[in-house]
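The next block holds one structure in the form of structure tokens; read it before the comments.
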Ligand code: FBP
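Quick look at the structure:
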């Protein structure tokens, strides 16, 4: 493999660990707290998680420890979308295992949870880990979105784990994958198996967080990558002064990425889906809001600007949300009929008989390309693939129409020329920032400590993340503690609660306090590229979101 200079330099980077994990294993003490409960719905969850409900929080500290140092075999799975730092979680587990006993082994299940179900694996050796230390991507073992849900899939997972004589399975994933980890842990216990299941919090979307999980890994690097790109676009736009850039940003349902990028770069407008939903704003209201800023800036001869759009936006606009809900139901209920209809015209005729008149009117009025994108296959968890809906183009088209009408009436005299962008995949496999490299390695090492303590049904956790790495607090949080019951795709299910942007939260409040100024003035900030080597204030800063949330 040809290597860049940065890649070679990153191989040599030694991730910083919490002080409690830098000592000899015999000095890692695992302290267990009081029995816990679930986020809500405790009675129902107690019956679903008979064996794993109520486990205590685990905190690691320096003291006299009792970790299992016999040879262990552990299986690891990367699940869902890529997030920078995944390879370092694997490296952290590997180094922990080898520190415990050089005979211990790590197996990587290939292509996500399906690798466990179908027993597709590779042995993770020291030379393989060394090729991937501090690098982005999930290409070491691949990832996938298969959900372990049928009785056969659970049984096959246990079978594979037994074939390899595993002590544990580590699932590196987002909220859905960690919900799956909790179910798998419970299933193994129910079947009398001692194989432990440990999760780790991954997702660039930043929506797997709560009181105990301060942030998911990958968010830090992804937002810094997008902020660099958007800062560059802002500078270009402020130089040429002729384009409005409409930039859709990944993040699925939650707008954390868009909000953090806004705090870092100060765009003219940043839409926050959660706010639109609370205020029940229609698509027309959103267009009015954008046009008002464009008109005001045009009055100052500023016919340029930058607008950030979270990718999940359409799912939060009430009329679009209803339309998507109806489409999901119809496409699930008439799945077999629907796949047999090939032309878009025939699909429209079919839907005209099934959709409510209001939803059908919206479906026919939005541009055809967008309607087609709304009909694309759902992911295995039943979600609309929002990354494939071109919301930037939808908004540009509607803004163009409105401004043309305003021009006719004489209420707008500017020049409007727009460029659409989508930033998502650019950030998911970037070289992890120092923060993500350190955090992930610590999460992996902590996963090993949880396994060597014989714990199961936990998510590896590192807290106090705005302090320097040596002061981070490592441990494990019972997965069931983060769960509640929610209606998902028509059925009540136990799930880990997804964290959306809170309008009462400090990050949103900081943004809301400045956005009116940003809308009219040119207040752009150009953050530049992630720095890996240099002074800590340049290289090791956590996100603004994390700092503001921790300042509460
Ligand atoms: P996860 O929730 O699995 O971490 O996925 C994050 C994400 O990048 C979303 O932001 C995006 O909507 C989705 O994955 C795209 O999925 P795909 O990789 O299947 O196109």
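Numbering (the numbering used here), first residue to last: 390 to 941. Backbone N, C-alpha and C define an ideal beta-carbon position, used for all residues, glycine too.
Am I right that residue i and residue j are in contact with their C-beta atoms under 8 angstroms? What's the rounded C-beta distance?
i	j	result
residue 656	residue 712	That belief does not hold up - the Cβ atoms of residue 656 and residue 712 are roughly 28 angstroms apart, past 8 angstroms.
residue 654	residue 914	5 angstroms
residue 699	residue 644	4 angstroms
residue 525	residue 818	4 angstroms
residue 661	residue 648	6 angstroms
residue 472	residue 606	6 angstroms
residue 896	residue 652	7 angstroms
residue 624	residue 768	That belief does not hold up - the Cβ atoms of residue 624 and residue 768 are roughly 36 angstroms apart, past 8 angstroms.
residue 821	residue 474	4 angstroms
residue 883	residue 446	That pair is no contact at about 19 angstroms.
residue 663	residue 892	7 angstroms
Between the Cα of residue i and the Cα atoms of the options, which residue gives the shortest distance?
i	options	result
residue 941	484, 899, 407	899
residue 680	625, 860, 669, 694	694
residue 489	838, 893, 929, 868	838
residue 809	634, 723, 738	634
residue 830	411, 397, 882	411
residue 409	480, 452, 801	452
residue 673	632, 755, 871	755
residue 760	743, 746, 780	780
residue 863	869, 882, 827, 893	827
residue 706	594, 670, 718	670
residue 483	788, 807, 516	516
residue 461	492, 475, 450, 479	492
residue 572	637, 869, 531, 777	869
residue 880	439, 908, 718, 708	718
residue 430	925, 924, 885	885
residue 722	709, 743, 732	743
residue 448	851, 553, 825	851
residue 450	570, 413, 877	413
Quick check on residue i: does DSSP put it in helix, strand or coil?
i	result
residue 633	strand
residue 638	strand
residue 601	coil
residue 873	strand
residue 475	helix
residue 522	coil
residue 402	coil
residue 392	coil
residue 612	helix
residue 668	coil
residue 815	helix
residue 451	strand
residue 432	helix
residue 466	strand
residue 497	strand
residue 923	coil
residue 909	helix
residue 505	helix
residue 517	helix
residue 412	coil
residue 931	coil
residue 967	Missing from the structure shown is residue 967; the chain here goes from 390 to 941 and no further.
residue 890	coil
How many angstroms separate the CA atom of residue i from the CA atom of residue j?
i	j	result
residue 544	residue 580	10 angstroms
residue 766	residue 716	11 angstroms
residue 468	residue 558	12 angstroms
residue 901	residue 933	14 angstroms
residue 443	residue 774	35 angstroms
residue 845	residue 560	12 angstroms
residue 905	residue 912	11 angstroms
residue 875	residue 919	38 angstroms
residue 858	residue 405	6 angstroms
residue 642	residue 458	42 angstroms
residue 665	residue 596	18 angstroms
residue 981	residue 847	The chain is shown from 390 up to 941; residue 981 falls before or after that span and cannot be answered.
residue 931	residue 440	37 angstroms
residue 816	residue 909	29 angstroms
residue 511	residue 497	5 angstroms
residue 565	residue 586	15 angstroms
residue 501	residue 531	7 angstroms
residue 578	residue 465	19 angstroms
residue 540	residue 935	39 angstroms
residue 739	residue 632	40 angstroms
With a threshold of 9 angstroms between beta-carbons, can residue i be considered close to chain C, or not?
i	result
residue 657	The chain labelled as chain C is not found in the depicted structure, where only one protein chain is given.
Secondary structure, alpha helix (DSSP H): runs of 4+ residues fully inside the region 734–806: 746–754, 757–763, 780–798
Taking only runs that begin and end inside the region 521–590, name each unbroken alpha helix (DSSP H) of 4 or more residues, in chain order. 540–552, 564–579
Ranges of the alpha helix (DSSP H) found wholly within the region 824–877, counting only runs of at least 4: none
Please give me, in chain order, every unbroken run of the alpha helix (DSSP H) with length at least 4 that falls completely inside the region 649–706. 662–667, 672–688
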